[in-house]
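First the structure, in the form of structure tokens, and then the observations on it.
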Amino acid sequence: MVGETLWSTRVRPVGPGIRIERMKRTGIPNVRALIFDLDGTLIDSKRDLVASVNAMLGKVGRGELPEDVIASYVGSGASVLVKRALGTEASEDEVKKALAIFLEHYEEHKLDTTRAYPGVPETLPKLGHYFLAVLTNKPSRASVRILEGLGLSGYFKSIYGGNSFETKKPDPLGAQTILREFDVAPGQALMVGDSEVDVQTARNAGMRALVVNYGFGTHDREAHPADVYLDKFEDLLLLLNHQTG
């Protein structure tokens with residue numbers, strides 16, 4: 203029932219790390235497709251992103267920012283990340299130059315410390331009977347190369363980045379494109395992310411939203427509540443195994 207807060211144990215004994223916020227009491231609706239965010243969901247890229255932003259700030263003569271501040275800027279794409287790091291006083295030309303510096307540094311260091319979150323490499327092979335896609339606001343080239351470098355790219359039928367479409371998340375264009383490719387109705391798809399951008403994307407595309415609790419994306423849970431919250435990525439299997447048609 204929409205707006206009702208339920209722990210999964212009150213619905214059915216799914217697992218202690220699964221919180222169902224907005225699903226009907228009848229259980230999880232039939233899911234055929236899973237669309238994943240990247241940063242903060244599949245991969246822990248926080249340190250490499252922070253290092254690249256601070257390297258950029260140093261090259262443009264600015265002081266470093268704290269890790270958590272930079273991490274809170276992640277989720278809306280590289281250009282927004284750089285704009286936020288520079289501050290509102292930065293000109294468009296300054297942002298453009300700084301973005302080029304950031305992207306160059308990040309391209310060279312995107313896999314220095316970035317790793318898949320625990321449970322991701324073990325869980326993805328078990329989701330072979332679902333349509334899987336990645337929809338991130340990170341540039342597509344870097345996204346693909348990171349997933350390739352971590353040995354995860356082969357699990358996804360589609361990998362789209364922030365420059366793959368005319369608009370970025372939370373605009374639904376990317377999600378809608380993936381749903382058409384999979385020939386899957388919005389009600390049969392689940393958006394899996396870590397931020398309010400992912401929840402908004404799901405809502406705008408008519409999908410349900412699942413948020414992982416371990417990510418670093420900004421999420422006002424009062425304003426943008428997800429349908430399901432997971433403590434661990436591998437709990438996704440437990441959740442899907444208890445879905446109903």
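Residue numbers (our numbering): 203 to 447.
Built from N, CA and C at the ideal position, the CB exists for glycine as well.
Values in this document were obtained by computation on a predicted structure and should not be read as measured data.
Practice task
Specify the secondary structure class of Arg221 as computed by DSSP and reduced to three states.
Solution key: strand
Handout entry: C-beta contact flag for Leu337 and Ala377 at 8 Å
Key = yes
Practice task
Compare the beta carbon distance of Thr315 and Ile245 with 8 Å and say whether it is the shorter of the two.
Solution key: no
Exercise for the section: Rounded to whole angstroms, what's the CA-CA distance from Thr341 to Tyr319? Just pull it up for me. Expected result: Note that residue 341 is Pro in the sequence shown, not Thr. Pro341 and Tyr319: Cα-Cα distance of roughly 20 Å.
Exercise for the section: Decide if the segment 289-296 is in contact with the segment 395-415; the criterion is three or more beta carbon pairs, one per stretch, under 8 Å apart. Expected result: no
Exercise for the section: Give me the Cα-Cα distance between Leu352 and Leu305, rounded to the nearest whole angstrom. Expected result: Rounded to the nearest whole angstrom, the C-alpha separation of Leu352 and Leu305 is 20 Å.
Practice task
Can you check the segment 266-291 for any alpha helix (DSSP H) of at least 4 residues that lies completely inside it and give the ranges in chain order?
Solution key: 269-274 and 280-288
Practice task
Measure the CB-CB distance between Lys370 and Ser278 and report whether it falls below 8 Å.
Solution key: yes
Problem - Through-space distance from Asp433 to Tyr416, alpha-carbon basis - result: 7 Å
Problem - Alpha carbon of Thr228 to alpha carbon of Ile303, nearest angstrom - result: Confidence at Thr228 is low in this model, with a pLDDT of 35, below 50, so the placement of that residue is unreliable and no value is reported for it.
Practice task
Using a threshold of 8 Å, state whether the C-beta atoms of Leu381 and Ala280 are closer than that.
Solution key: Their beta carbons are not under 8 Å apart, which means Leu381 does not touch Ala280 by this criterion.
Handout entry: Where the beta strand (DSSP E) containing Val430 begins and where it ends
Key = Val430 to Leu432 is the extent of the beta strand (DSSP E) around Val430.
Problem - Residues of its chain near Gly330, where Cβ-Cβ distance is below 7 Å and the 5 sequence neighbours each way are ignored - result: none
Handout entry: Nearest neighbour of Leu288, chosen from Leu313, Glu383 and Met258 [CA to CA]
Key = The shortest Cα separation from Leu288 among Leu313, Glu383 and Met258 belongs to Met258.
Practice task
Starting from the Cα of Asn365, find the closest Cα among Leu354, Asp385, Ala344 and Leu349 and give me that residue.
Solution key: Ala344
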